[in-house]
Amino acid sequence: MRILVVNVNTTASMTDGIARAAREAASADTEIIGLTPSFGPESCEGNVESHLAALGVMDAVLGYDGEYDAVIQAGYGEHGREALQELLDVPVVDITEAGATLAMLLGRRYSVVTTLDRTVPLIEDRLLLAGLDRHCASVRSSGMAVLDLEADPDRAVDAIAGEAAEAVDRDRAEVIVLGCGGMADLAEVIVDRCSVPVVDGVAAAVRLAESLVGLGLSTSKVRTFAPARPKRMTGWPFAWGAQEAGAAQDASAATDAGPRSDDAGSAATDRPATADPAVRTHPAAG
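Residue numbers for the sequence shown follow the numbering used here, beginning at 1479 and rising by one.
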């Protein structure tokens, strides 16, 4: 089984950490491939960045040239999961929903500990949309920016563990969910600091994806996630390439944006490889 784990931001070192955590959670016969979008924000901490990241994630998946059995979107509270489900015929699992779903099996009420306070409403909205909010005691901010999780891991662990303790004591949470893909690499240390079960969304998503593949289940293609009607996609010259009727326009747009274009109209960049050979950066336009 091969699972694509797509980081929602363009920070390759964070993709490495997410992929590493995914491999630790995966079964022995599951191959984890980490993908880093070639365009988008270096971290997602707001609505604009989240919507831009969703495009980068779609492009990275569409541009992957190998076979795969499932896709995991590794961004907590981010947009884009629905689009992937419409695009793909394999199971798509979002770490937000995976973490909350497993937490609800472990206790009556769960709390999410995330990064900055400005991301709290986004997470609340995603849980509401997925119907997972009823058992959510709180969504708490650690005050740590996403990139600070790597830059200062000791302070990050202290801040996250502190908010987790407050969630248990004040909000009556019985389970803690780590509310950022970038926390996956810190999960083991955080678990040791907490008195209740701690769910890492990345690990949860891996196991859920494996289960769906093993059961032969995938997204329903009736109504909501039915394939889109064929039409020209103006200004989308990335992984899909230019459409026949608009090839000249799309190639021109890609050239104007800076990157060079190949014969198919797909833009290419010379983005450096990541440290992890199994973590791929899709060569799409920025």
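All C-beta atoms, glycine included, are put in the ideal place defined by N, C-alpha and C.
- Scanning V1624, V1677, A1538 and L1605 for the CA closest to the CA of L1584 turns up V1677.
- Look at S1589 here: in three-state DSSP terms it is strand.
- Annotated as distal: T1489 and E1509, with beta-carbon spacing of 9 Å or more.
- V1486 is the residue among V1486, R1685, T1712 and D1663 whose C-alpha sits nearest the C-alpha of L1562.
- For G1512, the enclosing beta strand (DSSP E) stretches over residues E1509 to T1514.
- Under the three-state reduction of DSSP, R1498 is assigned to helix.
- Residues of the same chain with a CB within less than 6 Å of the CB of A1645, apart from the 5 flanking positions on each side, are S1589, S1616, R1618 and A1651 in chain order.
- Exclusion of the five residues before and after L1530 leaves G1518 and P1519 as the residues of its chain whose Cβ lies within less than 7 Å of its Cβ.
- Annotation note: the stretch 1530–1582 contains the following uninterrupted alpha helix (DSSP H) runs of length 4 or greater, listed N- to C-terminal: 1559–1565 and 1573–1582.
- Contact between the stretch 1592–1609 and the stretch 1682–1700 is absent, with fewer than three C-beta pairs closer than 8 Å.
- Excluding five sequence positions before and after E1564, the CB atoms of its chain that fall closer than 6 Å to its own CB belong to F1703, given in chain order.
- Going by DSSP, V1598 is part of the alpha helix (DSSP H) stretching over V1598 to L1607.
- Bridge partners of L1656 according to DSSP: V1591 and D1678.
- In this structure G1524 is in contact with R1596, their Cβ atoms being roughly 6 Å apart against a cut-off of 8 Å.
- Taking the CA atoms as reference points, D1647 sits about 44 Å from V1700.
- In this structure, the CA atom of S1528 is about 26 Å from the CA atom of M1582.
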